[in-house]
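Below is one structure, written out as structure tokens, with a few remarks after it.
There are 2 protein chains.
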Amino acid sequence: MEIRTLKTFVAVANLKGFSAAARQLNMVQPAVSRQISELEEELGVSLFWRSTREVRITAAGETLLREATEILAQEERARLLVQRTGTGELGRLRIGFLGSAVQAFLPALVREFSARFPQIQVSLLEMTAGELAEALMAGRLDVSLSRPLPPAMADRFESWDIYSDRLVAFLPDGHALASEPCLPVSALSSHPFVLFQRDGAPDLFDQVVSVCNAAGFSPDILAQPNSMQAVLIAVGSGLGVTLAPACIAQLNTSGCVERPLSDQTVPIPLQLHVRADRAEAATQAFAALVKEELGTIRKIMGAGG
Amino acid sequence: MEIRTLKTFVAVANLKGFSAAARQLNMVQPAVSRQISELEEELGVSLFWRSTREVRITAAGETLLREATEILAQEERARLLVQRTGTGELGRLRIGFLGSAVQAFLPALVREFSARFPQIQVSLLEMTAGELAEALMAGRLDVSLSRPLPPAMADRFESWDIYSDRLVAFLPDGHALASEPCLPVSALSSHPFVLFQRDGAPDLFDQVVSVCNAAGFSPDILAQPNSMQAVLIAVGSGLGVTLAPACIAQLNTSGCVERPLSDQTVPIPLQLHVRADRAEAATQAFAALVKEELGTIRKIMGAGG
DNA sequence: GATAATTATACAGTATCTGTATAAGTGGTG
DNA sequence: CACCACTTATACAGATACTGTATAATTATC
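The listed protein sequences derive, respectively, from chains A and B.
Here the first sequence is numbered in this note's numbering, starting from 65 and rising by one per residue.
Here the second sequence is numbered in this note's numbering, starting from 65 and rising by one per residue.
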């Protein structure tokens, strides 16, 4: 039972004739006759009672007519859906991101994307940097907005810098150093640190440690919460100080004060990651939109971020 | 897009490999590759991202996988339904009949048929003889239980006698002739007749007229109701007498008395009509059941009819 | 770096399917 | 009653398409 066959069958049934069907299908009557008789043989039933003067469909034929009509409609529907998915009109887009880093611009971006591609179902998945890398690698994400990927992964993905953040210090409200408008890293040497847990963002963790080392001390890390918000709460509670990307000021910083560092400018880029080959149309469209909006995003992040 | 192609596509998608699919389908890997790449070309989309080490389905491919799976399931379903319809396991049976003539045995017959073929949907359609002939000819009925067909139609159908009825007289309750247990036709010569309308049963009408003519008179027909029940009501109301098949005593005869005729024995057969060729399996099964039950039916109709 | 496994391509052979020609059957018509 | 117009079925040749073999190219893995 092939779709080509079903099409000629439906034509014969609807036009009540082999010759008429052949004309409509731009073929020749014997070809139609053969297709139908082979279909009958395959199914083991008569589909039409034919004389030279009339072609009457059998009960089995009527059953097949109903089914075949549905199958053909579904084939047409499938073709449409597949093509739309191929062009990116239809589909899904799974965006993974670092919450605090994108909070200022992602909502507007997604809104714009959804307006342009209303048929695409967008999933927003907040994760840590480590989770993002793993999900991206496993194909559970289409794009990721996160920090630079580990070198082992980098060649499988295309990455674009979106904006660069920098490390700043967060201190408890009434902290001794809070009176300074600006601090050298070394000023923190004797204070206990709270750092985001290393598993969640190994690069950031190591970067902070190496900044401290460069300033001549090794940080005394007394806690490693599993979220940036928890880090800020710990700082706000007076448990310690932290060094973190400035963007986390987007979170609730009550009890904390933020102080820029006077002596380091290690950039912390936020990047867009997309599978190097094999990017779906919807994914490519989103990447294109991000690139289109880079100026706007950088303006936002330079001013308020 | 052919079903054969969809089958190999689904195999590739499920087994995540062209070679594996080829093994499962008992074909060879290049054939699979060609089918897929031609399918991609036809649809204008990539269905898989392939390397020599992995085959990953695209978004469009996932869409097609869903659709193709449904299409294949429906094809399988169609094959099953069509074959069952062909063997008579599944289908419908439209039975046309003369109400009064079959009332005594058709219900039991249909009940038995439905018990043997529970998947067949039986339609019971009461009609006049004229309507039955027309519906049978037009293919709106599968079988008909009615009087002999007009000669022009007879060769297109197979007919079996089920039982033979005879004409009897129906008189109003207090009619002068009602005292006789048995009447010659001629006794009715001076009485007005009520006859079932000729359009509904031309043969019966003509038969009654010719019986009267043979008895030496032409009936004075004062009314031609459109149902046998209406004829009986007219007779019961004292409007006239009628000659009709004995079986109509099955209807409500209040106000009427039935009297056999002493001088005529024209048989009025009830027949089963089935399209000569081109009979569906369900129809043939019903005809076979009727023939099997002929003895029982005749016993019923001889005794109580 | 060799191996084993994968997919893509080229080419030849086979199947299959189409189209032409023709036969056989049937209702309508003069 | 023969003829006509039209139908479907069959036979056969040709063209198309598809399959399978051989081979290349690529890439994890040992």
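All C-beta atoms in this analysis are idealised placements derived from N, C-alpha and C, irrespective of residue type, glycine included.
Asked, Found
"Span of the alpha helix (DSSP H), counted from its first residue to its last, around Arg211 of chain A", "Element bounds for Arg211 of chain A: n/a, residue is neither H nor E."
"Residue span of the beta strand (DSSP E) that contains Phe112 of chain B, given as start and end", "Phe112 to Arg114"
"Rounded straight-line distance, which links the Cα of Val338 of chain A to that of Gly217 of chain A", "The residue you asked about is not Gly; residue 217 of chain A is Met in the sequence shown. Cα-Cα distance, rounded: 11 angstroms."
"Residue from B:Ala137, B:Ala132 and B:Ala124 whose Cα sits closest to the Cα of Arg148 of chain A", "B:Ala124"
"Min CB distance Ser110 of chain B to chain A below 9 angstroms", "yes"
"Pair within 9 angstroms by beta-carbon distance, Phe281 of chain A and Ser250 of chain A", "yes"
"Any chain A beta carbon closer than 9 angstroms to Ala202 of chain B", "no"
"Three-way DSSP call (helix, strand, coil) for Arg158 of chain A in this model", "strand"
"Every unbroken alpha helix (DSSP H) inside the region 166-245 of chain A [4 residues or more]", "170-180, 193-201 and 215-218"
"Coarse secondary structure for Phe257 of chain A, derived from DSSP in three states", "strand"
"Residues within the region 133-152 of chain A neighbouring chain B, beta-carbon criterion of under 9 angstroms", "Glu134, Ile135, Gln138, Glu139, Arg141, Ala142, Arg143, Leu145, Val146, Gln147, Arg148, Thr149, Gly150, Thr151 and Gly152"
"Proximity of Met65 of chain B and Leu103 of chain B at Cβ, strictly below 9 angstroms", "yes"
"C-beta atoms of Leu209 of chain A and Leu170 of chain A nearer than 9 angstroms", "yes"
"Secondary structure of Leu325 of chain B, DSSP reduced to three states", "strand"
"Gly300 of chain A vs His255 of chain A beta-carbon contact at 9 angstroms", "no"
"Alpha-carbon to alpha-carbon, Gln138 of chain B and Leu213 of chain A", "46 angstroms"
"Test: Asp341 of chain B CB closer than 9 angstroms to a CB of chain A", "yes"
"Proximal residues of chain B, C-beta to C-beta of Thr306 of chain A below 7 angstroms", "Simply none; closest approach about 40 angstroms."
"9 angstroms Cβ cutoff met for Met365 of chain B and Cys276 of chain B", "no"
"Proximal residues to Leu129 of chain B (C-beta, below 6 angstroms), its chain only, five neighbours per side dropped", "Ala77"
"Ser178 of chain B and Val186 of chain B closer than 9 angstroms at C-beta", "yes"
"For Ser318 of chain A, the nearest candidate out of A:Leu247, A:Asp237 and A:Leu196 (CA to CA)", "A:Asp237"
"Start and end residues, beta strand (DSSP E) containing Ile121 of chain B", "Val119 to Ile121"
"Reduced DSSP category for Arg342 of chain A - H, G, I as helix; E, B as strand; rest coil", "coil"
"Proximity to Thr151 of chain B [Cα-Cα], best of B:Pro289, B:Asp284, B:Ala349 and B:Leu162", "B:Ala349"
"Pick from B:Leu259, B:Leu353, B:Glu131 and B:Ser164 that is closest to Leu144 of chain A, judged by C-alpha positions", "B:Glu131"
"Of the listed residues B:Gly264, B:Leu259, B:Lys355 and B:Leu107, nearest to Leu286 of chain B (C-alpha basis)", "B:Leu259"
"Span separating the alpha-carbon of Ala279 of chain B from that of Gly163 of chain B", "29 angstroms"
"First and last residue of the uninterrupted beta strand (DSSP E) at Ile285 of chain B", "Asp284 to Ala287"
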